[in-house]
Amino acid sequence: MSDPISDFLNKLKIASQTGKESFTFPYSGVIAAIAGALEKKGYVASSRKTKKGRELEVTFPVSEKAHPITGAKRVSLLSKRMYKKAREIRPVRNGSGTAILSTPKGVLSDSDARAAKVGGEVLFEIW
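Be aware that the sequence shown starts at -18, since it is given in my numbering, and climbs by one per residue.
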């Protein structure tokens, strides 16, 4: 794994589009914080550390309709970091998506970062 965030995002998209109920991913603090932000926005139902402590289990919400994730795009790459000030953060896909940022206050969604008036590195966009 050269970029764990991209790998997590790719696995999240594939698991959602194939209709899986859950998936596991190697645990790291950043990935757990990203999963927590996605859980807060309703893209995943829960995320928890497995008993062994080496993996993170992510569960999708149970509903009659398809999983809510239809696409995602990595914004800040290893070779080109993208930073935004709080006033520069714009809604993703006219408000139907969410941007996830790494800020001094932790990993936040775009709406939470705007409310806290804090900017940071835009990790990815999800819709």
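In this text, a Cβ means the ideal position worked out from N, Cα and C, and glycines have one as well.
Between the beta-carbon of residue i and the beta-carbon of residue j, is there less than 7 Å?
| i | j | result |
| --- | --- | --- |
| E38 | S3 | yes |
| L122 | G52 | The requested residue 122 is not part of the displayed model; the chain covers only -18 to 108. |
| V56 | E106 | yes |
| I(-5) | L104 | no |
| L59 | D(-16) | yes |
Counting contacts by CB-CB distance shorter than 7 Å, is residue i in contact with chain B?
| i | result |
| --- | --- |
| L59 | Judged by its chain identifiers, the structure shown contains no chain B, having just a single protein chain. |
For the beta strand (DSSP E) containing residue i, list its first residue and its last residue.
| i | result |
| --- | --- |
| A67 | Neither: A67 is in no beta strand (DSSP E) and is coded neither H nor E. |
| S83 | 79 to 84 |
| G101 | 101 to 107 |
In the DSSP assignment, find the unbroken alpha helix (DSSP H) run with residue i in it and report its ends.
| i | result |
| --- | --- |
| S90 | Taken as a continuous stretch (DSSP letters only), S90 belongs to no alpha helix (DSSP H), being part of the beta strand (DSSP E) at 87 to 90. |
Expressed to the nearest angstrom, what Euclidean distance is found between the alpha-carbon atoms of residue i and residue j?
| i | j | result |
| --- | --- | --- |
| D93 | T79 | 10 Å |
| Q(-2) | S28 | 18 Å |
query = Is the segment 7 to 17 close to the segment 81 to 100, with three or more CB pairs under 8 Å?
reply = yes
query = At what residue ranges does the segment -3 to 55 contain a whole run of the alpha helix (DSSP H), taking only runs of 4 or more?
reply = 10 to 22
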